[in-house]
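Peer 1: My questions all concern the structure below.
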């Protein structure tokens, strides 16, 4: 999924079936981009490890 993804709607995006996301402005426009990126990474890792059919994470 891509476009408009934030930490506030990430769970809904994943619940809708997305298994990969591309996040831009939610990180780059943040007051603390490093913390925002870490928060996304943490939430995505948690989602991926809680699903048996999850696609392994790729960050890059």
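In the numbering used here, the protein residues as written are 1412 to 1471. Every residue gets a Cβ at the ideal spot worked out from N, C-alpha and C, and that includes glycine. The structure displayed is predicted, hence computed values, not measured ones.
For residue 1413, which three-state DSSP category applies?
Peer 2: strand
Peer 1: Tell me the residue span of the alpha helix (DSSP H) that contains residue 1452.
Peer 2: 1444-1460
Peer 1: Roughly how many whole angstroms lie between the Cα atoms of residue 1432 and residue 1449?
Peer 2: 14 Å
Peer 1: Round the Cβ separation of residue 1418 and residue 1454 to the nearest angstrom and send it over; I've been treating them as touching at under 8 Å.
Peer 2: 7 Å
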